[in-house]
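Let me begin by presenting the structure, written as structure tokens, before commenting on it.
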Amino acid sequence: MNIPFKPAMLSMALVIGFTGASAGVAAAATAPANASTNASTNAPTTVPTNVLADPDWTYEIPGDRGIESLFGWATLGGGNVNFRAERGENSFIAQAVDRESGDKVNWAYDFRGDTKVLTGGSFYYGSNGDVYFLSKKSEEKSYTIRAVDAKGKLKWTTPVKVDVGGDLTVLPNGDIVLENTVQETKKAKGYTTFHTFGSDGKLKSEKKVTGSDGFRMLSNGQVMSRDMDSLKLYASINALSKPVLKLKMSEYENLFHDFRTMGSEPAIYSLKDGGTVIETYEERIEPGKEGEVIEIDPDTIDTKRKLVGFDAKGKQTFERSLAKGDNVMATGSGFILQKGTKFEAYDIHNKRTGAAALEGKDLWMMPSPSGEVSVTSKKDGKFYALDAKTLKANYEVDMNAGADRVKGYSFYYAGKGELYTLEAGEKKLSRYTLN
209 MNIPFKPAML SMALVIGFTG ASAGVAAAAT APANASTNAS TNAPTTVPTN
259 VLADPDWTYE IPGDRGIESL FGWATLGGGN VNFRAERGEN SFIAQAVDRE
309 SGDKVNWAYD FRGDTKVLTG GSFYYGSNGD VYFLSKKSEE KSYTIRAVDA
359 KGKLKWTTPV KVDVGGDLTV LPNGDIVLEN TVQETKKAKG YTTFHTFGSD
409 GKLKSEKKVT GSDGFRMLSN GQVMSRDMDS LKLYASINAL SKPVLKLKMS
459 EYENLFHDFR TMGSEPAIYS LKDGGTVIET YEERIEPGKE GEVIEIDPDT
509 IDTKRKLVGF DAKGKQTFER SLAKGDNVMA TGSGFILQKG TKFEAYDIHN
559 KRTGAAALEG KDLWMMPSPS GEVSVTSKKD GKFYALDAKT LKANYEVDMN
609 AGADRVKGYS FYYAGKGELY TLEAGEKKLS RYTLN
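Numbering (this note's numbering) for the sequence shown: 209 to 643.
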């Protein structure tokens, strides 16, 4: 049976390697009938619009490089703020600027170089400022991990033995893990290998896990596996004998994806107090007759989404359904639901702790390194920095206040008043300190 899909996606996707990124903005939900509430959802955030003074510095991105497409996915490390830059069809350029003096201290590193064909994916960043990239050039026989230091110099290269690429994870302790999965066949069992390297590029350990379960490492070092009827979460690759939690899932149920990460990781959100929030979706498609070609419109598919919470001991604390268009982001010790311009914060027990009604088109929320939540409207040039628990505004900026014509702006918020902006279609990067 052939089932061609219309050119629309059942969920958002972030495609690395092409110019631009597609990350649709949806939004989230009213509280279910059994959810506890202690804040009004209708009270607008009332903080005076922050009138920006002169920027701390500005930096004009040189030549034909651009950083607009993935601006909001910037990363801090080693005193730098890191962006993924593009030049034509080449999106394998790391762009870094010094946070304190980006107009004077900055660099770009082109991982593609002169090679005509490069197979690669996301960049991965260490807290020391290193940038890691797994790729294979047309003239190379194997995949290679390349590391560029916080000053933009090639630090080391390590060839690796993998079948078809793989995924990297930079652990909180600085180790780099290369994960590679080979699917099960009629003649052989599937397996996943985990190669752990130090920040110097030297191999520290190798672990091979055989079985039908698909294993994947998460950014916090935990490991997930999925079989036909459940999802299991393990503390680390060295603790795969007993899961820290288990979630029953139906045959048609799948993990949602976290589109606020560069690699669109599975939507398994680790909270700072050890809790976990998991987002899933279920889609049923009726099979057609043998040989029948069925055209499926994603807009007509009945999709059921849900959010499930667990405490630090792996005990389930809540389960709630999500409506179509609900947008979820985990932060701090809980999660935030967005529906259009309305936001609600909840703890791990599904108790509402805060609410806000904001202004702007296509509002998009992102976590910040400080633990605050940023909400932005690129179309309207609006920015909000909110407390993750109460959703009270710490800062509010309208880049078009008093302007004759509304311009679009991209934002990256490093937290604690440190804001980076880029006007749509322009190349001048500006850093501001909000007061």
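Just so it is clear, CB atoms sit at the ideal spot from N, CA and C, and this is done for glycine as well.
Pick from the options that is closest to residue i, judged by C-alpha positions
| i | options | result |
| --- | --- | --- |
| K600 | T561, R295, I476 | T561 |
| V339 | E276, Y640, R292, T389 | R292 |
| I353 | M432, E294, L326 | L326 |
| K480 | G533, D555, L448, L637 | D555 |
| L642 | A632, Y603, A609 | Y603 |
| G429 | E580, K359, G398, I476 | I476 |
| R424 | E387, S309, G398, S335 | E387 |
| L530 | K450, T389, Y592, K547 | K547 |
| E348 | K324, D357, V390, A355 | K324 |
| F405 | T377, V417, K395, G419 | T377 |
| D595 | G610, N558, K559, G542 | G542 |
| L453 | K440, K597, G334 | K440 |
| V356 | V370, K345, F518, G334 | G334 |
| V390 | N608, T418, T365, R528 | T418 |
| D408 | G296, L379, W364 | W364 |
| T598 | S330, D606, A609, G579 | G579 |
| K369 | R528, L463, A358, L411 | L411 |
| I301 | V605, G328, L426 | G328 |
| S413 | V385, Y332, L426, V305 | V385 |
| R320 | D311, N608, A632, S343 | S343 |
| H557 | N462, S582, P575, R528 | R528 |
| R307 | N381, K359, F518 | K359 |
| D588 | E631, N462, V581 | E631 |
| D322 | N298, K394, F467 | N298 |
Beta-carbon proximity list for residue i, same chain, < 6 angstroms, skipping 5 on both sides
| i | result |
| --- | --- |
| L260 | Y640 |
| Q303 | I275, F291, A293, A316 |
| I445 | F402, K415, V431 |
| K636 | T266, E268 |
| S638 | P263, T266, T629 |
| T584 | W572, F591, F619 |
| D375 | E387 |
| R513 | Y489, L530 |
| W281 | M470 |
| S645 | Residue 645 lies beyond the range of the chain shown here (209 to 643); nothing can be said about it. |
| G482 | A520 |
| N336 | G286 |
| Y332 | Y340, L376, V378 |
| A538 | Y477, V485 |
| E634 | none |
| S582 | M574, S576, A593, Y621 |
For residue i: DSSP bridge partner residues
| i | result |
| --- | --- |
| T366 | I353 |
| I301 | A293, D318 |
| F526 | G517 |
| M432 | R424, L441 |
| K636 | E268 |
| D306 | N288 |
| T323 | Paired residues: none, contrary to the question. |
| T389 | T400 |
| Y333 | V339 |
| I275 | Per DSSP, none; premise fails for I275. |
| F464 | In DSSP, F464 forms no bridge with anything. |
| M470 | Note: M470 sits in no beta bridge, so no partner. |
| M457 | Its beta-bridge partners do not exist; DSSP assigns none. |
| D375 | E387 |
Cβ-heavy atom distance, residue i to the ligand MN, below 7 angstroms
| i | result |
| --- | --- |
| E268 | The ligand MN is absent from the structure shown, which contains no ligand whatsoever. |
Proximal residues to residue i (C-beta, below 8 angstroms), its chain only, five neighbours per side dropped
| i | result |
| --- | --- |
| L426 | T377, M432, E473, P474, I476, S478 |
| A251 | Because the pLDDT at A251 is just 45, under 50, the model does not fix this residue reliably, and the value given afterwards should be weighed accordingly. So the qualifying residues of the chain are A563, A564, A565. |
Proximal residues to residue i (C-beta, below 7 angstroms), its chain only, five neighbours per side dropped
| i | result |
| --- | --- |
| S438 | K454, L455, K456, M457 |
| A443 | Q430, V452 |
| A241 | Per-residue confidence for A241 stands at a pLDDT of 39, beneath the threshold of 50, marking its modelled position as unreliable; the derived number appears in the next sentence. Cβ neighbours of A241 beyond the five flanking positions: none. |
| F518 | L453, G483, T484, Q524, T525 |
Item to complete: Examine the Cβ distances between the region 303 to 321 and the region 269 to 279 and report whether three or more of them are shorter than 8 angstroms.
Response: yes
At least three beta-carbon pairs within less than 8 angstroms, the region 600 to 617 to the region 283 to 301:
no
Discussion item. So within the region 585 to 619, which uninterrupted beta strand (DSSP E) runs reach at least 3 residues, ignoring any that extend past its ends?
Written reply: 590 to 594, 601 to 606
Three-pair Cβ contact test at 8 angstroms for the region 617 to 634 versus the region 557 to 568: no
Cβ contact check for the region 428 to 442 and the region 450 to 462: 3 or more pairs under 8 angstroms:
yes
Just checking, does the region 467 to 474 make contact with the region 512 to 530 on the three C-beta pairs under 8 angstroms criterion? no
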